[in-house]
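Asker:
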Amino acid sequence: MMAACRPGDAVGRYRVLQILGRGSFGVVLLAEDPLQAQRVAMKVVPCDHLDAAAADRAREAALAEAQLLQRLRHPHVVSCLDVCWDAGRSVVWIALDYMNGGDLQSVIDSRRNSHEPPPDAGFVRRVLSAIGSALRFVHSQGVLHRDVKPSNVLLASSGTGAGSRPLSLVQAEIKLADFGISKIHGRRRMRARWSGRRRTCRRSSSAGSRTARPRMPGPWARASTSWPP
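Residue numbers for the sequence shown follow my numbering, beginning at -12 and rising by one.
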């Protein structure tokens, strides 16, 4: 599936424009929804593993993440716009907000490698405020993200139709992404069951679960504040 995704190919109703990146989970595509005239980041998760149990786990995890993102509607959380289990290709594809500015870690690395000064204090405060707001919301919904770090903080040029504008840190949209290893308070897991185009979800509870007080992870804080002299 991933090798066949070339510009012009169709994934559901979406048209593939280019490959944005690859990871251990699969591939992320830049795609366009012709019905909405909207660009999306298409996360494609292969579930054609040789081990049938591993394939089932990959499918369940991808569908559960998409279902969770559809529930967590917040200005600073990446939205899931659409999701589908493609049985013919044995993949789950998830249409997400396209954040054209990349991730915060890339901004930090780029500025450090080109010997530019770090982002100013105003931008750092905006990031902390946005991610703090997002975490306060998801915690209120009983969810722990568990992987907050600069590479999971995405940026985009602000404003409608801003896809071709250069990124300005002063006005950039800031959103928290990647809930793939998130955990629901007091729940062992969230399982998604799909039948055709209909989906039902059930959640199984776990007894005696302990949760720690949410805090900002050390690597995220260090990457945001440390800079070579």
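Backbone N, C-alpha and C fix where the C-beta goes; we use that ideal spot for every residue, glycine too.
#1: Between the Cα of Gly88 and those of Leu156, Ser120 and Ala41, spot the shortest distance and give me the residue it belongs to.
#2: For Gln25, does the three-state DSSP call read helix, strand or coil?
#3: Could one say the Cβ of Val15 lies closer than 8 Å to chain B's Cβ atoms, at least one of them?
#4: Quick check on Leu115: does DSSP put it in helix, strand or coil?
#5: If you compare alpha carbons, which of Pro(-6), Arg(-7) and Met29 is closest to Ala53?
#6: Where does Arg46 sit, in a helix, a strand or coil, going by DSSP?
#7: Use the C-beta contact count for Ile168: other C-beta atoms within 10 angstroms, 16 or more gives buried, fewer gives exposed.
#8: So what does DSSP say about Gly109, is it helix, strand or coil?
#9: Are three or more beta carbon pairs between the segment 63 to 82 and the segment 40 to 51 nearer than 8 Å?
#10: Per DSSP, what kind of secondary structure is Arg(-7) in: helix, strand or coil?
#11: Compare the Cα-Cα distances from Arg0 to each of Leu7, Asp20 and Leu16 and report the closest residue.
#12: May I have the straight-line CA-CA distance separating Ala82 from Ser101, to the nearest angstrom?
#13: Report, in whole angstroms, the separation of the C-beta atoms of Leu17 and Gln25, which I expect to be a contact under 8 Å.
#14: What separation, rounded to the nearest whole angstrom, lies between the Cα atoms of Ile118 and Pro104?
#15: Please work out which residues of its chain come closer than 7 Å, Cβ to Cβ, to Arg(-7), disregarding the five sequence neighbours upstream and downstream, and give them in chain order.
#16: Hey, would you say Ile161 sits closer than 8 Å to Val114, going by beta carbons?
#17: What do you get for Pro137, buried or exposed, if any count of 16 or more other CB atoms within 10 angstroms of its CB means buried?
#18: When burial is assigned at 16 or more other CB atoms within 10 Å of the CB, is Leu141 buried or exposed?
#19: Is it true that the CB of Ala121 sits closer than 8 Å to the CB of Leu68?
#20: Alpha carbon to alpha carbon, how far is Arg189 from Gly109?
#21: Measure the C-alpha to C-alpha separation of Pro143 and Tyr85 and round it to an integer number of angstroms.
#22: Excluding the five sequence neighbours on either side, which residues of its own chain have a C-beta within less than 8 Å of the C-beta of Gly(-5), listed in chain order?
#23: For the beta strand (DSSP E) that Ile161 lies in, which residues bound it at each end?
Answerer: Looking at the atomic coordinates:
#1: Counting from 1 along the sequence shown, the entry for residue 88 is found at position 101. The shortest Cα separation from Gly88 among Leu156, Ser120 and Ala41 belongs to Leu156.
#2: The residue given as residue 25 occupies position 38 in the sequence shown. Strand.
#3: Among the protein chains of the structure shown there is no chain B, as only one such chain exists.
#4: Taking the first residue of the sequence shown as 1, we reach residue 115 at position 128. The answer is helix: DSSP assigns Leu115 an H, G or I state.
#5: If you number the sequence shown from 1, residue 53 lands on position 66. The residue with the shortest Cα to Cα distance from Ala53 is Met29.
#6: On the sequence shown, residue 46 is found 59 positions in, with the first residue counted as 1. If DSSP states are grouped into helix, strand and coil, Arg46 belongs with the helices.
#7: On the sequence shown, residue 168 is found 181 positions in, with the first residue counted as 1. By the 10 Å Cβ count, Ile168 comes out exposed.
#8: If you number the sequence shown from 1, residue 109 lands on position 122. In this structure, Gly109 counts as helix in the three-state DSSP scheme.
#9: yes
#10: Stepping through the sequence shown from its first residue, residue -7 is reached at position 6. In the structure shown, Arg(-7) sits in coil (DSSP, three-state: anything other than H, G, I, E or B).
#11: In the sequence shown, counting from the first residue as 1, residue 0 sits at position 13. The alpha carbon of Arg0 has as its nearest neighbour, out of Leu7, Asp20 and Leu16, the alpha carbon of Asp20.
#12: The count along the sequence shown starts at 1 and reaches residue 82 at position 95. The count along the sequence shown starts at 1 and reaches residue 101 at position 114. Each residue's alpha carbon lies about 33 Å from the other.
#13: Looking up residue 17 in the sequence shown gives position 30. Looking up residue 25 in the sequence shown gives position 38. The C-beta distance from Leu17 to Gln25 rounds to 12 Å, too long to fall under 8 Å, and the pair is not in contact.
#14: Taking the first residue of the sequence shown as position 1, residue 118 is located at position 131. Taking the first residue of the sequence shown as position 1, residue 104 is located at position 117. Rounded to the nearest angstrom, the two C-alpha atoms are 23 Å apart.
#15: On the sequence shown, residue -7 is found 6 positions in, with the first residue counted as 1. Within the same chain, Arg(-7) has close Cβ partners Val3.
#16: Translated into positions along the sequence shown, residue 161 becomes position 174. Translated into positions along the sequence shown, residue 114 becomes position 127. Yes.
#17: Locating residue 137 in the sequence shown gives position 150, counting from the first residue. Per the 10 Å Cβ criterion, buried.
#18: Counting from 1 along the sequence shown, the entry for residue 141 is found at position 154. Result: buried.
#19: Here residue 68 refers to the residue found at position 81 when the sequence shown is read from its first residue. Here residue 121 refers to the residue found at position 134 when the sequence shown is read from its first residue. Not a contact, by the Cβ cut-off of 8 Å.
#20: Taking the first residue of the sequence shown as 1, we reach residue 189 at position 202. Taking the first residue of the sequence shown as 1, we reach residue 109 at position 122. With a pLDDT of only 35 at Arg189, under 50, the local geometry of the prediction cannot be trusted, and no value is derived from it.
#21: For the purposes of this step, residue 143 is identified with residue 156 of the sequence shown, where counting begins at 1. For the purposes of this step, residue 85 is identified with residue 98 of the sequence shown, where counting begins at 1. For the record, residue 143 in the displayed sequence is Ala; it is not Pro. In a straight line, the C-alpha of Ala143 is about 8 Å away from that of Tyr85.
#22: Counted from its first residue, the sequence shown places residue -5 at position 8. Correct list, in chain order: Arg2 and Val3.
#23: Here residue 161 is taken as the residue at index 174 of the sequence shown, counted from 1. From DSSP, the beta strand (DSSP E) with Ile161 extends over Glu160 to Leu163.
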